[in-house]
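Undergrad:
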Amino acid sequence: MFDFNALRLTWGMPFLVDRSDAASPALADRPGSRVYWVNVQLLPGWYMIELRVTGLAAQLRARLRLAGGASSATFAMELSARQVSKRLIHLPVRGKIEIEIDCGDQAVDRIDAFRLVRVTTRFAHSRIMTKLCALHPRYKPCGDDYDLTDAGHDRADMAQAWRDYCCLFDESELLVGYPDWVRHFDTPSSDTYSVMQDNLHYFNGSPLFAIGMEVSGATSPHWETAIRSIAAQIYPHWQLLIVDRRSGSDRTALIPKDLLADTRIRVISSTSSAEAHSTLDGALAESGRWIMFVGQHDILPRHGLYVVADAIKRYPDVDLIYADEDSIGIDGVRHDPRFKSNWSEDLMLSSDLFTGLGVYRPEVFASSGGRDYRHGVASRYDMTLRCLAYTGPDRILHIPRVLYHVRVQPEATGEPEAQHDAREASRMAVVRHLSRTGVRATVSSTEHGRHIRYPLPEQAPLVTLVIPTRNGFALLSRCVDSIIEKTRYRAFEIIVVDNGSDDPETLDYMERLSINHGVRILRDDRPFNYSALNNRAVELAQGEFVALVNNDVEIIDGDWLDEVIGHALRPEVGVVGVKLLYSNGTVQHAGVIVGLSGCADHVHRGLGRDEPGYLARAVTTQSMSAVTGACLVVRRSLYRQLGGLNERDLAVAFNDVDFCLRARQAGYTVLWTPHAVLYHHESATRGRDDTEEKMARATREIEYMRDHWHDLIANDPAYNPNLSLDRFDCQLAWPPRVASLRRLALDVPGAVAS
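In terms of my numbering, the sequence shown is residues 638 to 1391.
Pasting the structure below:
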């Protein structure tokens, strides 16, 4: 029998049927799922579906298919309680759509917004291309800096475009492959090399580089590859010093015959580790050149020294330089790029930024004393930390380009004992660094780095916790009760800012808090302005430190405030943020990246609690440009010095980001620690910008941020320009936000200066 409802153009909530309690084959082995049917025998063709869910989960995965197995086609969606999710689907045959939502352990009440619209093929193709050009790296316009004649797909190939569109929803990790990225953005053309070659006279023979290499173990064909990669450098002003630790070896046998006449290559024999370090480092220091080390199996790209020399010309005051790197397999294929942030000493103490290419000014290298063989695999890390005593953060440069290829050795076993020794050597390097700098702290090893705990004074400073709320008894009570019951740090007071509550249960709870726990209740009935509510409370705060806390936050670990205040007491630190989890235990906040999602957003959103994330940065203490105000600690005097949150221009959104950027602008570090972990039941209270007034306000706030912080939005120093600003999971940017190597060559500093 024909279903005349199939002739409609739109279908809404009345056509959506919850079949979660029915005996559905789809739910047989997935008890954490809910299933809905669109109760219409839809005709083949294109449709736009719109969905929104209620519940505590910030993001949920859904799959759409034709019920009864009428077609093998499935369509993925990511659903949110914060906004309506949309996507196109194509039905090859007639049938009813089945929507399966993977709820996990979340209590999703229902789909509370549903709309299905039949669309024309022309409309569908137009929307597919619009979406791809906005979000798919290979379809984005690359501008004039990169000449990518084959970067995107043939726009007429709609079958491929449809597959790529579906990947945006389901297989985002397949959007860009690193080999393709390398081919398009990190493989200089012969013309670019020619331009670099022509530019060499602008450098006038300076800077000079001394490159150290130690050779040991069984003979390897990769030694020749490593040496040839240096001999092939476009930039010619270098010297390679090789220490051969093999007893009885022929020094000249190391050097390829066609390079024996190259006087820039020297080989020195030394059989012991101690002698090798001192001999090589002594020779490097005596050279008076910029110093770097290359592993015996590793490779420098042909343009590597040119790019470093160019950076030294552009930034003549620099003392230490590090760059990005990747790995290269026995098949010669590059993989596993490590795109680092700009300098962060906290990150350096937790995870070495100078792996791969590290370049040292000769005076700083000599002052540091060079490497100490007693520290084993951490000897260079230890030396780099000693170099910090002879320079400053503004003289440490990060070059956001892959200038070093680490050879993957198949025989490397990574035995647990060796890993433990390496971790312990690195931990002790940090212990020595803190001792030299007069910093009291304890250092422990973690799976992915180090955790530094800064002790609290005997008289712990008072902290004022400011919690704005309006009604929301269940959330507020969970938040405040968890603070009172679990927080081990007891020197705190709580101010609850009541923004017009009229719920009797909430009012009664706040009264009991005041009587039983001395919580101050500050009544403020003005129209909601998050910035103003916090600013007024801070005016009345008695604590040396202020913690801005959302009412939908819940304490997990009792020592969270000890960790945060330990950092906040450091004189260079202005703001401290924490790790926040959604109700389902996935990451909600691991730091804010300015520019992400078009303005500012949370990196590593949706990651598992203990997953390391990109370069282990989801589990590593580090400086960021901003952290969320859902749980943020700042010295009260600094809060007032900066004028508090911007209540005029940023009443609701981005006020925390703006505040952090102003703290950073004033010279303070904005720090994020993964060792203070709280729940943030964000979607439970977050309002929707679903009215014209709210949407206009949100637009104004975004425009304010873009106007005032456009430089940081374009290039957040805590985030590498080779990583995408469209996604939270640190995928490759296409194109990168760094000038092409050809552009770098055309803008040679000496040519500009002349």
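All C-beta atoms in this analysis are idealised placements derived from N, C-alpha and C, irrespective of residue type, glycine included.
From the DSSP output, which residues share a beta bridge with residue 959?
TA: 995 and 1035, per the DSSP bridge assignment.
Undergrad: Taking only the alpha-carbon atoms, compute the straight-line gap between residue 1316 and residue 1362 and give it to the nearest angstrom.
TA: Distance between the alpha carbons of residue 1316 and residue 1362 is about 25 Å.
Undergrad: Measuring CB to CB, does residue 1042 end up less than 7 Å from residue 1135?
TA: Going by C-beta atoms, residue 1042 is not nearer than 7 Å to residue 1135.
Undergrad: Helix, strand or coil: how does DSSP classify residue 1361 here?
TA: Residue 1361 falls in the coil class under three-state DSSP.
Undergrad: In the structure shown, what three-state DSSP assignment does residue 1058 receive?
TA: Residue 1058: helix per DSSP, three-state reduction.
Undergrad: Going along the chain, which residues of its own chain have a beta-carbon closer than 8 Å to the beta-carbon of residue 1067, five neighbours each way excluded?
TA: Only 986, 1022, 1080, 1087 and 1089 meet the Cβ criterion.
Undergrad: Can you name the residues that DSSP bridges to residue 1083?
TA: Note: residue 1083 sits in a beta bridge opposite 1086.
Undergrad: Rounded to a whole number of angstroms, what is the C-alpha to C-alpha distance between residue 1137 and residue 1164?
TA: Between residue 1137 and residue 1164, the C-alpha separation is close to 9 Å.
Undergrad: Three-state secondary structure (DSSP) at residue 715?
TA: If DSSP states are grouped into helix, strand and coil, residue 715 belongs with the strands.
Undergrad: According to DSSP, is residue 1291 part of a helix, a strand, or is it coil?
TA: DSSP places residue 1291 in coil when its eight states are reduced to three.
Undergrad: Rounded to whole angstroms, what is the Cα-Cα separation between residue 1344 and residue 934?
TA: Each residue's alpha carbon lies about 48 Å from the other.
Undergrad: Return yes when the Cβ of residue 1300 is within less than 7 Å of the Cβ of residue 1211, no when it is not.
TA: Yes. Within cutoff.
Undergrad: What first and last residue would you give for the alpha helix (DSSP H) that runs through residue 834?
TA: 827-836 is the span of the alpha helix (DSSP H), which, as asked, contains residue 834.
Undergrad: Tell whether a beta-carbon distance below 7 Å holds between residue 748 and residue 684.
TA: For residue 748 and residue 684, no; Cβs fall outside 7 Å.
Undergrad: Going by Cα to Cα distance, which pick from 993, 1275, 1029 and 992 is closest to residue 1001?
TA: The shortest Cα separation from residue 1001 among 993, 1275, 1029 and 992 belongs to 1029.
Undergrad: What distance in whole Å lies between the Cβ atoms of residue 732 and residue 708, which are believed to be in contact at a cut-off of 8 Å?
TA: With 8 Å as the limit, residue 708 and residue 732 qualify as a contact, their Cβ atoms being about 7 Å apart.
Undergrad: Taking the C-alpha atoms as reference points, what is the distance between residue 1183 and residue 1276?
TA: So the two alpha carbons sit approximately 8 Å from each other.
Undergrad: Give the straight-line distance between the Cα atoms of residue 789 and residue 797, rounded to the nearest whole angstrom.
TA: Summary for residue 789: the model assigns pLDDT 46, below 50, so the residue's position carries little reliability, and this model does not support an answer.
Undergrad: Starting from the C-beta of residue 1099, find all residues in its chain whose C-beta is less than 8 Å away, skip the five residues before and the five after it, and write them out in chain order.
TA: So the qualifying residues of the chain are 1128, 1129, 1130, 1179, 1180, 1181 and 1182.
Undergrad: With the cut-off set at 7 Å, would you say residue 1302 and residue 983 are in Cβ contact?
TA: Result no, Cβ atoms of residue 1302 and residue 983 do not sit closer than 7 Å.
Undergrad: For the beta strand (DSSP E) containing residue 676, name the first residue and the last one.
TA: That run of the beta strand (DSSP E) goes 670-679.
Undergrad: Return the first residue and the last residue of the beta strand (DSSP E) that residue 1311 is part of.
TA: 1306-1317 is the extent of the beta strand (DSSP E) around residue 1311.
Undergrad: Roughly how far, in whole angstroms, is the beta-carbon of residue 1357 from the beta-carbon of residue 978, given that I think they are within contact range, below 8 Å?
TA: Yes, residue 1357 and residue 978 are in contact; Cβ-Cβ is about 6 Å, under 8 Å.
Undergrad: What is the DSSP secondary structure of residue 894, counted as helix, strand or coil?
TA: If DSSP states are grouped into helix, strand and coil, residue 894 belongs with the helices.
Undergrad: Output yes or no for whether 7 Å exceeds the beta carbon distance between residue 946 and residue 1036.
TA: No, Cβ-Cβ distance for residue 946 and residue 1036 is not below 7 Å.
Undergrad: Which word fits residue 1328, buried or exposed, when buried means at least 16 other C-beta atoms lie within 10 angstroms of its C-beta?
TA: By the 10 Å Cβ count, residue 1328 comes out exposed.
Undergrad: Using alpha carbons as the reference points, say which of 861, 866 and 883 lies closest to residue 855.
TA: Residue 883 is the option with its Cα nearest to residue 855.
Undergrad: My guess is that residue 755 and residue 720 are in contact by the Cβ rule of under 8 Å, so how many angstroms apart are they, rounded?
TA: Contact doesn't hold; Cβ gap of about 23 Å is too wide.
Undergrad: By DSSP, does residue 655 sit in helix, in strand, or in coil?
TA: Strand.
Undergrad: Going by Cα to Cα distance, which pick from 762, 782, 801 and 794 is closest to residue 772?
TA: For the residues 762, 782, 801 and 794, the minimum Cα distance to residue 772 belongs to 801.
Undergrad: What first and last residue would you give for the beta strand (DSSP E) that runs through residue 733?
TA: Residues 732-739.
Undergrad: Mapping DSSP to helix, strand and coil, what is residue 1164?
TA: DSSP places residue 1164 in coil when its eight states are reduced to three.
Undergrad: Check whether the Cβ atoms of residue 1106 and residue 1188 lie closer than 7 Å to each other.
TA: Yes, these two residues count as a Cβ contact at 7 Å.
Undergrad: If you pair each beta-carbon of the segment 915-931 with each one of the segment 847-866, do three or more pairs fall below 8 Å?
TA: Yes, the segment 915-931 is in contact with the segment 847-866.
Undergrad: Short of 6 Å in beta carbon distance, which residues of its chain neighbour residue 1125, apart from the five on each side in sequence? Order them along the chain.
TA: Cβ within range, chain order: 1195 and 1196.
Undergrad: So, at 7 Å on beta carbons, what are the nonlocal neighbours of residue 1284 in its own chain, with the 5 sequence-adjacent residues on each side left out?
TA: Taken in chain order, the residues that qualify are 1166, 1168, 1169 and 1172.
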